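Its first residue numbered 49, the sequence shown is counted upward by one per residue in my numbering. The structure appears below as structure tokens.
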Amino acid sequence: MISGIGLDIVELQRIKKVAERQSKFVERILTPFEKEAYEQLSDKRRIEYLAGRFAAKEAFAKAFGTGIGEQLSFLDIQVENDEKGKPFISKPRQNGVHLSITHSAEYAAAQVIIEN
């Protein structure tokens with residue numbers, strides 16, 4: 049049974065501007081594991097990765113029912129990729145969580161479905 053659905057979309061340029069303006073933005077959004085992968089990417093791909101992770105974490109928080117805030121932070125949520133490259137939520141819960149991330153030239157979007 050589905051217990052939550054979350055969807056989020058962000059503008060790549062907005063994420064780029066915030067990351068350039070706020071030196072701690074990346075550390076506030078990405079876990080150490082995610083940051084390690086982020087640092088291996090080209091500048092263009094870094095923004096897509098950061099925006100995609102931002103959208104995925106927002107979508108998870110919406111599906112979880114709390115949003116980002118007092119009960120759940122960006123760093124409580126970790127997104128990894130399986131051996132084929134498919135993204136998945138590994139923290140705070142993996143079982144029953146379905147994630148899809150997409151990018152266009154201007155946007156990154158993510159959808160999360162949580163099953164019980």
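Cβ coordinates follow ideal geometry from the N, Cα and C atoms, glycine included. Here the structure is a predicted model, which is why all the values come from computation and not from measurement.
- In this structure, P135 lies near V127, with their beta-carbon atoms less than 7 Å apart.
- Across the set F108, L60, K72 and G144, the C-alpha of L60 shows the shortest separation from the C-alpha of D91.
- When secondary structure is reduced to three states using DSSP, L78 falls in the coil class, being assigned neither helix nor strand.
- Just so you know, the alpha carbons of L120 and Q88 end up roughly 27 Å apart.
- Rounded to whole angstroms, the Cβ separation of R101 and E82 is 6 Å, and the two are in contact under 8 Å.
- With contacts defined by Cβ atoms closer than 7 Å, N164 and S51 form a contacting pair.
- At the C-beta level, K110 and G54 come within 7 Å of one another.
- Check the Cα spacing between V74 and each of I57, V58, S138 and R94: the tightest is with R94.
- When the five nearest sequence neighbours on each side are left out, the beta carbons in the same chain lying within less than 7 Å of the beta carbon of F112 are those of G52, L120 and I162, in order along the chain.
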